[in-house]
Amino acid sequence: MKKDLLKLLDLSKEEIIEILNLADQMKYNLKHGISHDVLKGKTLGMIFLKSSTRTRVSFETGMYQLGGQALFLSSNDLQIGRGEPVEDTARVLSRYLNGIMIRTFAQEEVDSLAKWSSIPVINGLTDFSHPCQILADLMTVREYHSALEGVKIAYIGDGNNVCNSLIVGALTCGMKISVATPKGYEPHADILKFAEKFGDDFSLVNCPAEASANADVLYTDVWASMGQEEESQKRMKDFAGFQVNDEIMAGAHSKAIVLHCLPAHRGEEITAEVFEKHANSIFDEAENRLHAQKAIMALLMK
Ligand code: CP
Ligand code: NVA
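Per the working numbering: the sequence shown = residues 1 to 302.
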């Protein structure tokens, strides 16, 4: 395992499987009251430049369950919010903490924090990627379909951070992934270049019905991500027809599950009916953030 978790492009299939296996173990231990305080006495700093419910609560409680503690560091309060350079923040925090989780805008900021830190840095979402989310998603797919190899996932909507990481995670683990986005909202060029190597296991189309045909997993995310609120109105128009609804579900495999990283906007990227019908898999996915991140922290910070 490398020092940091910055993006899934940095992980091999073996490393991803190691995280998923440990996450399953963490979940088992928690449910059976088996102690797993492997990070006793350690502290995680959590820097947030964007809002969060799941990431914040699952990292904080996860760290507590591992025997350590977590500090919530809002950019409103940190000197970083007033312009203190990332390279200084990194070197200072490395003297106090055992690990840093950061949620911010530019991927480069996370990369730079990791470069200047002597402690592990974990990406809790950037505009480019959301690796912790996708590790929890892969864990969930494995729970429902028993394997990842050969399972077909369809992503419908915006070619955003979640989509970028999903493509990398799915292909690395031997899944097939088909992505449908409106024109102009395709995944990042680096991701498309990575996906080229996987031949027919990857496809990018502009037709949701084509992407979702016979899919085992349907995945969607908001049409306007954090920081894109001003473009919301335009996006609502551009994404018309890219909703996960009964019609899309009818073309998918009859046992298909639905995943959504949340928060969800019912009536936009997903109908309330489809969301509620598949609430079990969606909330298992949210729960699995806790177990997957505990595995990541244990592997990086022990
Ligand atoms: N899915 C996810 O990362 O949720 P939060 O924004 O609530 O952390
Ligand atoms: N794409 C969304 C994911 C939120 C967890 C965003 O970046 O806002």
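Every residue, glycine too, gets a C-beta built ideally from N, C-alpha and C.
Computed from a predicted structure; not experimentally measured.
How is residue i classed by DSSP in three states: helix, strand or coil?
{"i": "ASN123", "result": "strand"}
{"i": "ALA180", "result": "strand"}
{"i": "LEU259", "result": "strand"}
{"i": "ALA213", "result": "coil"}
{"i": "VAL205", "result": "strand"}
{"i": "ILE17", "result": "helix"}
{"i": "VAL168", "result": "helix"}
{"i": "VAL244", "result": "strand"}
{"i": "GLU186", "result": "coil"}
{"i": "CYS173", "result": "coil"}
{"i": "LEU11", "result": "coil"}
{"i": "ILE282", "result": "helix"}
{"i": "ILE34", "result": "coil"}
{"i": "ALA147", "result": "coil"}
{"i": "ASP77", "result": "coil"}
{"i": "GLY83", "result": "coil"}
{"i": "LYS317", "result": "There is no way to answer for residue 317, as the model of the chain reaches only from 1 to 302."}
{"i": "GLY227", "result": "coil"}
Give me whichever residues DSSP pairs with residue i in a beta bridge.
{"i": "GLY314", "result": "As shown, the chain starts at 1 and ends at 302. That puts residue 314 outside it, with no answer to give."}
{"i": "TYR155", "result": "VAL179, TYR219"}
{"i": "LEU5", "result": "ILE122"}
{"i": "ARG266", "result": "ILE270"}
Taking just the CA atoms, how far does residue j sit from residue i?
{"i": "SER129", "j": "VAL222", "result": "14 Å"}
{"i": "LEU22", "j": "GLY124", "result": "19 Å"}
{"i": "ALA209", "j": "ILE177", "result": "14 Å"}
{"i": "ASN164", "j": "ARG82", "result": "30 Å"}
{"i": "ASP137", "j": "ARG54", "result": "13 Å"}
{"i": "SER12", "j": "LEU171", "result": "11 Å"}
{"i": "HIS291", "j": "LYS234", "result": "37 Å"}
{"i": "ALA224", "j": "GLU268", "result": "10 Å"}
{"i": "ILE16", "j": "LEU148", "result": "12 Å"}
{"i": "ARG103", "j": "VAL141", "result": "25 Å"}
{"i": "SER254", "j": "GLU143", "result": "17 Å"}
{"i": "HIS32", "j": "ASP77", "result": "39 Å"}
{"i": "GLU14", "j": "ALA240", "result": "39 Å"}
{"i": "LEU8", "j": "GLY169", "result": "6 Å"}
{"i": "HIS36", "j": "LEU30", "result": "8 Å"}
{"i": "ILE122", "j": "LYS3", "result": "9 Å"}
{"i": "ASN98", "j": "GLY68", "result": "10 Å"}
{"i": "SER232", "j": "LEU113", "result": "31 Å"}
Let me check understanding here. Comparing Cα to Cα, which of the options lies closest to residue i?
{"i": "LYS197", "options": "GLU210, ILE167, SER112", "result": "ILE167"}
{"i": "ASN160", "options": "SER51, PRO131, LYS176", "result": "PRO131"}
{"i": "ALA264", "options": "LEU6, ILE282, ALA23", "result": "ILE282"}
{"i": "ARG91", "options": "THR53, PRO187, LYS31, PRO120", "result": "PRO120"}
{"i": "ALA272", "options": "HIS253, GLN293, GLN243", "result": "GLN243"}
{"i": "HIS278", "options": "THR220, VAL57, GLN228, THR55", "result": "THR220"}
{"i": "SER212", "options": "VAL110, SER51, ALA195, ALA256", "result": "ALA256"}
{"i": "ALA180", "options": "ASP190, ASP158, THR172", "result": "ASP158"}
{"i": "TYR96", "options": "GLY41, LYS3, ASP284", "result": "GLY41"}
{"i": "PHE72", "options": "SER94, GLY81, ARG56", "result": "ARG56"}
{"i": "PRO182", "options": "PHE194, LEU204, ASP190", "result": "LEU204"}
{"i": "MET297", "options": "GLN65, ASN29, ILE156", "result": "GLN65"}
{"i": "CYS173", "options": "VAL38, VAL162, GLY150, GLY227", "result": "GLY150"}
{"i": "PHE48", "options": "LEU6, ILE100, LEU30", "result": "ILE100"}
{"i": "ALA252", "options": "GLY227, VAL217, GLU143, GLU276", "result": "VAL217"}
{"i": "PHE105", "options": "VAL162, GLY33, ASP127, VAL274", "result": "ASP127"}
{"i": "TYR185", "options": "LYS7, ASN206, ASP200, LYS193", "result": "ASN206"}
{"i": "GLU84", "options": "ASP24, MET226, GLU276, GLU109", "result": "GLU109"}
{"i": "HIS188", "options": "HIS145, VAL162, ALA70", "result": "VAL162"}
{"i": "ASP201", "options": "ASP190, GLY68, GLN228, LYS152", "result": "LYS152"}
{"i": "ASP190", "options": "GLN228, GLU287, GLN107", "result": "GLN107"}
Under 8 Å by Cβ, that's how I've got residue i and residue j pegged, so tell me the actual separation to the nearest angstrom.
{"i": "MET63", "j": "LEU44", "result": "5 Å"}
{"i": "LEU259", "j": "GLU285", "result": "5 Å"}
{"i": "SER117", "j": "LEU93", "result": "7 Å"}
{"i": "LYS302", "j": "VAL86", "result": "Actually they do not touch by this definition, with Cβ atoms about 26 Å apart."}
{"i": "LEU5", "j": "MET139", "result": "About 15 Å; that fails the 8 Å criterion."}
{"i": "ILE134", "j": "ILE248", "result": "21 Å between Cβ atoms; not a contact."}
{"i": "ALA154", "j": "ALA215", "result": "4 Å"}
{"i": "ASP246", "j": "VAL274", "result": "7 Å"}
{"i": "LEU300", "j": "MET1", "result": "7 Å"}
{"i": "LYS50", "j": "MET175", "result": "Not quite, the Cβ-Cβ distance comes to about 28 Å (not below 8 Å), so this is no contact."}
{"i": "ARG289", "j": "SER52", "result": "Actually they do not touch by this definition, with Cβ atoms about 11 Å apart."}
Would a check of beta-carbon distances place residue i closer than 8 Å to chain B?
{"i": "ALA154", "result": "Absent from the structure is chain B; it holds one protein chain and no more."}
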